[in-house]
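What follows is a single structure, written as structure tokens, with notes after it.
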Amino acid sequence: MLPASAPDQLAAAKGSGIVRPARRPAGWVAPGPQPRTPDREDVWPGPDEDLCYLAGDFRILQRVDGHRWSADDLVTAWYAIEQLRHAPPRRAVDLGCGIGTVLLFVAWAFAEARVTGVEAQDVSAGLARRSLAWNGVDDRCAVRFGDLRDPLTTEGLAGAELVTGTPPYLPKGTGIESSKVQCGPCRFEWRGGVEDYALAAARLLAEDAPFVGCAASRQRPRVEAAAVGAGLVLERYRDVVPREGKDPLFSVYVMRRPEAARAPEIEPPLVLRGRDGRFTAAFDDVRRAMGMPVER
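No gaps in the numbering here: position 279 of the sequence shown is 279 in the UniProt record's numbering, and each next residue is one more.
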């Protein structure tokens with residue numbers, strides 16, 4: 001294993017990609033578990049890839065010209081972790097895990113959990129597996145390659161105490177798809193939308209476990225119908241506003257089995273930036289909880 005303090009200059013020499021430097025306030029100490037990076041060249045960024053900080057000292061591999069993690073991944077992971085902060089899951093599943101952002105956040109927050117991602121794009125699945133290895137959690141976390149709609153893909157994963165998912169927001173044919181690697185299926189419903197994610201989650205959830213996901217805010221009727229169609233109850237729902245004064249951009253939600261669901265609750269919107277463009281105190285709290293440096 002490489003020591004946690006191994007200089008990035010040495011690390012960068014192992015690959016031909018970009019190792020992004022840390023941007024942290026003086027004196028800030030990264031919370032959470034330390035990565036256990038193996039002495040393997042393949043876990044470092046290659047051509048057209050970079051390695052970026054994610055949570056604490058955990059990092060993630062991304063394509064420079066492909067799909068990259070964003071606020072909906074962060075807020076979905078935070079919302080999921082908040083549901084179980086006082087009862088850490090032993091097993092979790094992230095449906096359509098992409099490059100592994102939510103999967104890694106969950107693995108960072110719950111250091112004993114076994115977390116499995118399901119992903120149908122080989123480029124994204126490969127990046128996610130290498131990120132798991134870079135952080136040294138591939139002994140308890142894995143990525144299954146396949147379509148989440150196929151029960152064979154998720155065979156053996158039932159009884160999960162947390163299921164997460166960040167479905168694409170756009171039905172096919174409703175916009176112009178990017179030609180960039182990964183981006184089309186990440187934004188358009190090549191393999192189903194929230195309805196399919198809810199059905200897959202219903203197959204996997206333990207008796208009282210939550211399914212936590214996100215959707216475009218305008219899709220709330222679809223989310224409500226998806227819960228009903230999957231035999232679940234929409235328990236909590238929260239809009240996310242990108243900047244004060246703007247309309248909500250996306251929403252996060254919690255579904256559970258009817259026998260385990262609490263009284264439905266619509267929470268106040270989470271506003272990410274104020275009118276001045278700075279992160280709000282509420283979003284700073286989210287970032288702090290997720291192992292990210294906060295200036296104030």
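Even glycine gets a Cβ: it sits at the ideal position worked out from N, Cα and C.
Just so we're clear, the structure is a prediction, and the values are computed from it rather than from any experiment.
List the residues that DSSP assigns as beta-bridge partners of residue 84. Beta-bridge pairing links residue 84 to no other residue.
Among 114, 36, 198 and 105, whose alpha-carbon lies nearest the alpha-carbon of residue 92? 114
Residue 269: first and last residue of the uninterrupted beta strand (DSSP E) it sits in: Secondary structure note for residue 269: its beta strand (DSSP E) is the uninterrupted segment 265-271.
What's the C-alpha gap between residue 162 and residue 121? 23 Å
According to DSSP, is residue 17 helix, strand or coil? DSSP places residue 17 in the coil class of the three-state scheme, outside both helix and strand.
Nearest by alpha-carbon distance to residue 73: which of 220, 287 and 294 is it? 287
Residue 5 classed as buried or exposed, judged by whether at least 16 other C-beta atoms fall within 10 angstroms: Since pLDDT at residue 5 reaches only 45, below the 50 mark, its modelled position is unreliable, and no value is offered.
Can you confirm whether residue 240, when its beta carbon is compared against all beta carbons of chain B, has any partner nearer than 7 Å? The chain labelled as chain B is not found in the depicted structure, where only one protein chain is given.
Flag this pair as yes or no: are the beta carbons of residue 230 and residue 204 separated by less than 7 Å? no
According to DSSP, is residue 5 helix, strand or coil? Because the pLDDT of residue 5 is 45, which lies under 50, any placement of that residue in the model is unreliable, and the number read from its coordinates should be weighed accordingly. Reduced to three states, the DSSP call for residue 5 is coil.
I'd like to check one pair, residue 134 with residue 43: are the Cβ atoms closer than 7 Å? yes
By Cβ distance, which residues of its chain are closer than 8 Å to residue 243, with the 5 residues on each side in sequence left out? 271, 272, 273, 274, 275 and 277
If you drop the 5 nearest sequence neighbours on each side, which residues of the same chain put their C-beta closer than 7 Å to that of residue 76? 102, 164, 166, 212, 213, 214 and 252
N-terminal and C-terminal residue of the alpha helix (DSSP H) that residue 195 is part of: Counting along the chain, the alpha helix (DSSP H) containing residue 195 begins and ends at 194-204.
For residue 124, count the other beta carbons within 10 Å of its own beta carbon; 16 or more makes it buried, fewer makes it exposed. Which is it? buried
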